[in-house]
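*Asks:*
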Amino acid sequence: METSSTASYTAKLIDGPLEGKTVATAFLDSGDPRPRLELNADAGKRYVYARAAGLEFDSPGDDRPSAVSYRFIETVFD
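Right, dumping it as structure tokens:
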């Protein structure tokens, strides 16, 4: 069985101001997807997203997902 050893995955933003967008994101050092993303926006804003339940794998037997769903939590103004 072959396993995936990629260093990044696609974060799929499923709601909020960036709904439908995707971003390439690095795995944590542990190999897990990030539990939370903070994405910089215009005018000193950051959008905060939290990991949702959706995981996608390129092939059965891959140990890391190729895509992970994220839900909008809040906008932070700097």
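All residue numbers for the sequence shown refer to our numbering, where the first residue is -5 and numbers rise by one.
Beta carbons: idealized from backbone N, C-alpha and C, even for Gly.
Check the C-beta distance from Tyr41 over to Ala35 and give it rounded, since I have them as a contact under 8 Å.
*Replies:* Yes, Tyr41 and Ala35 are in contact; Cβ-Cβ is about 6 Å, under 8 Å.
*Asks:* CA-CA distance, Pro59 and Ser53?
*Replies:* Approximately 9 Å, taken between the alpha carbons.
*Asks:* Please state whether DSSP places Leu22 in a helix, a strand or coil.
*Replies:* Coil at Leu22, not helix or strand.
*Asks:* By a C-beta neighbour count over all protein chains shown, 10 Å radius and 16 as the cutoff for buried, is Asp57 buried or exposed?
*Replies:* Under this definition Asp57 is an exposed residue.
*Asks:* For Ala1, which of helix, strand or coil comes out of DSSP?
*Replies:* In this structure, Ala1 counts as coil in the three-state DSSP scheme.
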